[in-house]
Structures are given as C-alpha cells and as structure tokens.
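Okay, so the sequence shown: first residue is 1 according to our numbering, each after it adds one.
Backbone N, C-alpha and C fix where the C-beta goes; we use that ideal spot for every residue, glycine too.
In this text the structure is predicted, and so the values were computed from the model without any measurement.
Just below is one structure, and these are the notes that go with it.
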Amino acid sequence: MYHLSRFAAATPGKVAVHFLESGEAFSFLQLEREANRAANALLSLGLKRNDCIVLCIENAPALLFLALGAQRIGLYYVLASTRLSAADFEYIVKDSGASVAVVSSACMSAETASSLDLGSARRVGIGFADPAIESWEPRFLAAPSGLPPVLAPGREMLYSSGTTGRPKGVRKPPFEGDFDAVDNRNAAVARSFALDASSVYLSTSPLYHSAPNRFVSAAIHAGATSVVMAKFDAERALAAIAHFGCTHSLWVPTMFHRLLRLQAEVRSRYSMASMRYAVHGAAPCPVHVKQAMIDWWGPVLHEYYSGTEGIGATAISSREWLDHKGSVGRATDGILHILDDAGRELSPGETGNVYFESDAQFEYWNDPVKTRAAMSPQGWRSFGDIGHLDREGYLYLTDRKDFVIISGGVNIYPQEIEDVLLQDPRVADAAVFGVPNEEYGEEVKAVIQPAHPDFTGTAIADALKARCLELLGPLRVPRSIDFELDFPRHATGKLYKKLLRDRYLA
C-alpha cells in the first residue's frame, strides 16, 4: 500500500501532517479531501492534463493541498522559491509555460504581485484583498472534496540554476497510469531510508527545495506522519523531535552548525533517542561538524549527493563515513566516473569532473546549450562538480566547476551580483566569489575596482549592498566588500578572477 488515498481509506484518523508553528494538523482523510478540493478548484480554472502551474507559497497547508491536488489531475507544478526576485519569478512563470501562477501574500506584497508580468498565465493569490489579484480561497472552499472527475498522475517541474544565475527548468515526461500508482522516486526514498507508516518525519526546510519536497511527499504516500516547520529554529527542531518522537529528518550542514552552537544545557533538555535517520545533503558538510553530530546523536546521520536533474545519486551511512571521512558515499543510482576536461577517464585518487552514467534522461527546459554542456562525450551527465573516487568507489567532492557559491545549502551565482554592482558608475569592475563561513559554509564576498581612487570606503560599500538587497534579495547581498585599485588580468585584459579569489582564500 503506497499512496495518500489508500492510507486515507485504511487509517483515516491518523495524523498525516502537523504544521509545527501554527498547530494545524490534518489526518490522512482530511488531507485526502483537501487535496481533492484543490484538484477540483484547479480544474475549475480550466486547467487540463499536462498544463503547468507555478506556486509561490510558504510552508503552509495551502502549498501541500495544491501540490497534492496537482498530482492527481495530471498537472506539472513548479514550487518556486519564496525568496526569488520578481524578475526571476516572472522568468520561471513564462519559461515553464504556466497557465496559472498562485502567489501567497506571505511571500510577496500586493503591489509586487499585482504588477508582475506573467505573460499569459492567470494570476491567483492567497491572502490578498486586491481586486487585481484573483482570490484562491473562495474557489477552493466552494470546490467539492470528492475525487475529481479527471484523474491522472501529475509531477513536479523542477528548477535549478545555471552558471549565469538564470533558473534552469527540468521537465521530465508525464507519468502514465493511475493517479494513485506507486511513484518510483518516492518509493526509492522510502526504501533507502526505511520510511514507512511507523515513521515520524521532521521537515526542517522550505518545501520549494527539491529534496524537502521529495521527502515530505515520500512520507505522506508511505503513510508516515510529517511534522513541517515553517522556518528552521535549532531549539524548536530539537523540541519537535523529542515531542513527536521523530524518527526521520532532513538537514543541511548550516543547521548542524546552529544545533551545535546551542548551549550544552539546552541540548541536554531534549532526547534524540527516537531519531534513526538524520539525512543531510545540498552542500558539503565539514568533517569536524559531522563528527560532532555523530558524537552527539550517534551513527544515525545519512548523507546523500544528488541534484534537481535526477541523473544519479550517492549515499553514505555514519558507519561508512567514519571509515571514509569527507566522502559523500558510493553511487546508489548510476555509475560514477571522473573525467578530465577532454573527457578521458581518470584513475582513483585523481581529481576531475564528476559524471554519472545512468539510464536517466533529462534536458534543461528550453535550453539545449546547457543540456549539452552537462554531458560528457560518452553521454554521461554531470551536476558540474569536481571530485575524486577512492579505490573503493567512494566519492569526495573538492570544488565546484564554476564559481558557484554554496551558502547554507543554497546556490548563489556571482555573475548576477556582479551585474548589479557594475550598474553603479563608481564601479569600474567587480568580482564576486565565496569565502569560508563557519556557519553557512561560504559567504558572498565582493571586491570592487573603483572608477576613481576616491570611490572607496564604508559609505559606498553600504550603498552597493543596499542596491543588491533591492534588486536581488537578501541571499545575494555581499557580506563584505573590499576595494582594490588594480585587478589581476590576463594579457587580453580579462579579469583573472581565480587569482583574485585565491588571495582572499590564502
């Protein structure tokens, strides 16, 4: 038995999901009915099979209802980051070919939401009182809670980002079969981490990220109870584990930093005895941090390495990791290869480009150039990382192929920050890169070559940060800005960015 609808029939009164901060809870039967209501409301908008919707909603019941509703009427659904700039949100809506975009007032002001250029997509809002934004609530409440008249399996359309910073869409072929057939991706998560109807899963992250979305979906369809945090807080997460007896959880290394920074007296208040699978990924975890977590929680940490593209994956248990510290594991999906830049396979211990050989096929939506760039001459696919294999097949990641900054598990792209900085006439050139940060892994560093020697100092740095905040949002604001009158350059005059970055990493 593996689907929400089947558990709604078999265990109707069992709690399917708790929303931690609001205290809202929904049984499997209630969740089934709300998913049906959302599906019927979406159909009333004129949507048909294989149409696409984009959702920009915080970790709240409406997001879950809409995603589950889309899954049962054959829609593609995009879970857009609630921290996107208006320009990036507009891009995703248009690029995905969405027919409907649903935006929450918790994520966007009425002024911004009503002025978005969404192309041909219908604008629908949650929590707005603006006549320019069609309200979702009356349509949802008026919809019937029985199964919709048209049933077909839907699936998410994921967006990662390219080296230029523009989001990259990954749209897989539509599912065939019954709407309540086993989703192999959910089943793989459940199988890999022993997730079943006896489990209690703690969701610590925004559900618009692909892994948190996949894990909560897997938990619901496996009959487990999920506890969803609206926003991560270290002590509140510990309290939830102890209170609900959570057996499974999903983390990024930044969260481990925050947990470990809690006072010993605070940490000792909460029992972690129920936790069996503390899964983490999305960014490299420093060895000393992971060791400290294992010392605290025991050998329950399980690390994975994968990506939105779904071309392969690795995994490693705590016990394996203790013998291969720093590794992200061996391949669990696909075959790993390390290639040099010419596409030649390298030997164990040699560092090169990481590729997966697998049957999984993908292409970036509307972007054949990026699709080709991710493929080796052999037809293998890459997430764009650098690493090496040991003789036992364990993968160690050593760098990103490009200058992507990974801060708190989130990819940040320097080029778009540089583009904003270069709009200021006081800036002759700009270089943005990541520098180490104990809590986040990396933080954003900007170095400015001023157009005049007088164009330096704190006031100008603060003005540039404010400009980035206005145009790019808080994630992409440089934490620090330095000024250098001369940049290292190639003979052609091109900025030698790696050399400049290396100065700050030395």
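The residue among 212, 250, 478 and 205 with its C-alpha nearest the C-alpha of residue 232 is 205.
Between residue 154 and residue 70, the beta carbon gap of about 5 Å places them in contact (Cβ cut-off 8 Å). Per DSSP, the continuous alpha helix (DSSP H) segment holding residue 504 begins and ends at 497 to 505. The C-beta of residue 498 has fewer than 16 other C-beta atoms within 10 Å across all chains shown, which makes the residue exposed. Counting along the chain, residue 462 sits inside the alpha helix (DSSP H) bounded by residues 458 to 472.
DSSP places residue 449 in the uninterrupted beta strand (DSSP E) bounded by 441 to 450. Look at residue 130 here: in three-state DSSP terms it is coil, with no helix or strand label. Its chain contains 429 and 430 as the residues whose beta carbon lies nearer than 8 Å to that of residue 422, once the 5 sequence neighbours on both sides are disregarded; these appear in chain order. Between the C-alpha atoms of residue 45 and residue 79 there is a straight-line separation of about 19 Å.
A check of alpha carbon separations from residue 75 across 272, 440, 92 and 38 identifies 38 as the nearest. Listed as beta-bridge partners of residue 411 by DSSP are 406. In the displayed model, residue 482 falls within a strand according to three-state DSSP.
Residue burial annotation: residue 434 is buried, with at least 16 other C-beta atoms found within 10 angstroms of its C-beta. Distance from residue 277 to residue 247 at the Cβ level is roughly 7 Å; contact confirmed, criterion being Cβ atoms closer than 8 Å.
A residue is called buried when at least 16 other Cβ atoms come within 10 angstroms of its Cβ; residue 314 meets this threshold and is buried. Rounded to whole angstroms, the Cβ separation of residue 443 and residue 432 is 11 Å, and the two are not in contact under 8 Å. Just measuring C-alpha positions, the residue of 265, 409 and 228 sitting nearest residue 60 is 228.
The three-state reading of DSSP puts residue 158 in strand, counting E and B together. Membership of residue 280 in the beta strand (DSSP E) is indicated by the continuous run 277 to 280.
By alpha-carbon distance to residue 159, the top candidate from 175, 503, 77 and 475 is 77. Collapsing the DSSP output to three states places residue 26 in a strand.
Under DSSP, the beta-bridge partners assigned to residue 437 are 441. The C-beta separation of residue 395 from residue 329 comes to about 6 Å, placing the pair in contact by the 8 Å criterion. Here residue 371 carries a helix assignment [DSSP, helix/strand/coil]. In the DSSP annotation of this structure, the continuous segment of the beta strand (DSSP E) that includes residue 77 starts and ends at 76 to 79. Looking only at 36, 17, 21 and 35, the smallest Cα-Cα distance to residue 27 is reached by 17. If you draw a straight line from the Cα of residue 475 to the Cα of residue 412, it comes to about 8 Å.
Under DSSP, residue 169 forms a beta bridge with 159. Per DSSP, residue 112 is one residue of the alpha helix (DSSP H) stretching across 110 to 115.
Contact check between the stretch 334 to 351 and the stretch 382 to 389: three or more CB pairs, one atom from each, fall below 8 Å, which counts as touching. CA-CA distance, residue 308 to residue 281, rounds to 12 Å.
Here residue 352 is buried, its C-beta having at least 16 other C-beta atoms within 10 Å. When only Cα atoms are considered, residue 106 and residue 62 end up about 12 Å apart. Nearest to residue 427 by C-alpha distance, out of 178, 449, 145 and 245, is 449. Between residue 230 and residue 21, the C-beta spacing is below 9 Å. About 23 Å separates the beta carbons of residue 299 and residue 441, which is beyond the 8 Å limit, so they are not a contact pair.
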